[in-house]
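Counting in the numbering used here, the sequence shown runs from 697 upward without gaps.
Right, one structure below, let's go through it.
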Amino acid sequence: MLSLMGLGPSLAIIVKNKSYIVVFGPGIVRQANKLYTQDNDAYLSLKPSNLEVAFLTHLHSDHTTGYPDLIFTHGFLSVIRL
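So this is what it looks like as structure tokens:
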């Protein structure tokens, strides 16, 4: 199942309970946590400690302002370069 979760200026694509963060605007972790705490299993992968994959598509500030929030969130400190 594929879900697109718009998080304001952020976007997560959820596939089989794994979140792929595509746009990480300001407040991404706070917004993800807000959805996660809605007691809905569809949002379980948005629990901040479960956020694992983010794609940096381009360097516009509206797409990257939440990057510090992501890298300082527990468990989200590794980088994969392609």
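Even glycine gets a Cβ: it sits at the ideal position worked out from N, Cα and C.
Since this is a predicted model, take the numbers as computed values, not measurements.
Setting aside the 5 residues that flank it on each side, Pro722 is surrounded in the same chain by Pro705, Thr761, Gly762, each with a C-beta closer than 7 angstroms to its C-beta; the list follows chain order. Counted as a single uninterrupted DSSP element, the stretch harbouring Tyr716 is not any alpha helix (DSSP H) but the beta strand (DSSP E) occupying residues 714 to 719. Taking C-beta separations shorter than 6 angstroms and ignoring five residues to either side along the sequence, the partners of Tyr716 in its chain run Ile709, Val749, following chain order. Here Ile767 is exposed. Its C-beta has fewer than 16 other C-beta atoms within 10 Å. The residues Val718, His759, in chain order, have a CB closer than 7 angstroms to that of Thr753 in the same chain once the five nearest residues on each side in sequence are set aside. For Val749, DSSP records a beta bridge to Tyr716. From the listed residues Asp765, Leu747, Ser741, Phe751, the smallest Cα separation to Lys712 is found for Ser741. A residue is called buried once 16 or more other Cβ atoms fall within 10 Å of its Cβ, and Leu747 is buried on that count.
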